[in-house]
Amino acid sequence: MSILKSSNPTLQEKSFQGTIFEGMTTGNEMTVNGTLNKFGILMGLMILSTLFSWSQANRGEDMMPYLLVGVFGGLGLALVMAFKKQWSNYLAPAYAILEGLFVGAISAMYNNAYPGLPMQAVALTLLVTLVMFLIYRYRIIKVTGRFRMVITIATAAIAIFYLIQWITFLAMGSPIGSFTNAATPLGIGFSILVVGLAAFNLLLNFDTIEKGVELKAAKYMEWYCAFGLLVTIVWLYLEILRLLSKLQRD
Numbered sequence: 011m012s013i014l015k016s017s018n019p020t021l022q023e024k025s026f027q028g029t030i031f032e033g034m035t036t037g038n039e040m041t042v043n044g045t046l047n048k049f050g051i052l053m054g055l056m057i058l059s060t061l062f063s064w065s066q067a068n069r070g071e072d073m074m075p076y077l078l079v080g081v082f083g084g085l086g087l088a089l090v091m092a093f094k095k096q097w098s099n100y101l102a103p104a105y106a107i108l109e110g111l112f113v114g115a116i117s118a119m120y121n122n123a124y125p126g127l128p129m130q131a132v133a134l135t136l137l138v139t140l141v142m143f144l145i146y147r148y149r150i151i152k153v154t155g156r157f158r159m160v161i162t163i164a165t166a167a168i169a170i171f172y173l174i175q176w177i178t179f180l181a182m183g184s185p186i187g188s189f190t191n192a193a194t195p196l197g198i199g200f201s202i203l204v205v206g207l208a209a210f211n212l213l214l215n216f217d218t219i220e221k222g223v224e225l226k227a228a229k230y231m232e233w234y235c236a237f238g239l240l241v242t243i244v245w246l247y248l249e250i251l252r253l254l255s256k257l258q259r260d
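Residue numbers (the working numbering): 11 to 260.
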């Protein structure tokens, strides 16, 4: 089932193990429309939560609790769903709400420093997502095994690099590779690279969802795949936000 490999850890081949009906039609299998509907629900919940968090920031509240609850609460739910995918119809909505708290808090922080920047990032995120969907839909870029492998390795490398940065920041107060946060040609180039990588991950996500439908994955996988797509889009938004802030400082 190598066709289901994806660099998004929530949408990999192993995510479908034990969920495939092996060609049988039961009326309770995953569909594209069902997945998109679930994604719409998750996005709606996240937007509502984001607006709440943003409003609290405008009232002058400390955003750190929202950041911590959103990050660690969302991470905890994501880990549970990785092992208990059948719980996704309950946990994915909760994850979207927690993710909204984080996104709203960090967006408000960026907006305080660079007024209007989050709205620009939202518009660009939607545009990039639409473009990548059309690229996938019309097979302008084909998701081959080699393509998956390259994106997977690159995404894993970025994830490890970010983890090392976070650990060294906590340990020493100054992260290794701090150039990535600077508004220099190198720092901006790094952000462009990561934005592109997040965008290419969308192609893999679309392909994984399509193949899950073809293989008649269980109905609850609609929630799980919608959750995985939400993860990628939020990552894309955050990287675009980071890139735009560098361009403002440059």
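Here a beta-carbon is modelled for each residue, glycine too, at the ideal position from N, C-alpha and C.
List the endpoints of the continuous alpha helix (DSSP H) containing residue i.
i      : result
Ser188 : Where Ser188 is concerned, there is no enclosing alpha helix (DSSP H), given that its DSSP letter is neither H nor E.
Glu224 : Pro195 to Glu224
Gly86  : Met74 to Phe93
Ile51  : Val42 to Asn68
Trp245 : Met231 to Arg259
Asn38  : Careful: Asn38 lies outside any alpha helix (DSSP H) and carries neither H nor E.
Tyr105 : Ser98 to Ala123
Among the options, which has the Cα closest to the Cα of residue i?
i      : options                   : result
Ile151 : Phe210, Arg252 and Val42  : Phe210
Ala236 : Glu39, Asn38 and Ile51    : Ile51
Gln175 : Ser188, Met231 and Leu239 : Ser188
Leu240 : Asn38, Lys48 and Arg156   : Lys48
Met119 : Leu136, Leu251 and Arg259 : Leu251
For residue i, which residues in the same chain have their Cβ closer than 6 Å to its Cβ, ignoring the five residues on either side in sequence?
i      : result
Gly114 : Thr60, Ser63 and Trp64
Pro103 : Leu55
Val81  : Phe112
Leu196 : Phe189
Asn83  : A small fix is needed here, since residue 83 is Gly in this sequence, not Asn. Leu108, listed in sequence order.
Looking only at its own chain, which residues have a Cβ that is under 7 Å from the Cβ of residue i, when we skip the five neighbours before and after it?
i     : result
Glu32 : No answer about Glu32 holds up, because its pLDDT of 46 lies below 50 and its placement is not dependable.
Closer than 8 Å by C-beta to residue i: which residues in its own chain qualify, once you throw out the five before and the five after it? Chain order, please.
i      : result
Tyr247 : Val113, Ala131, Val132 and Thr135
Self-check item: Completely contained alpha helix (DSSP H) runs for the region 130 to 183, where each covers 4 or more residues
Solution: 155 to 182
Quiz item: At a cut of 8 Å, does the region 220 to 236 reach the region 176 to 186 through at least three beta carbon pairs?
Solution: no
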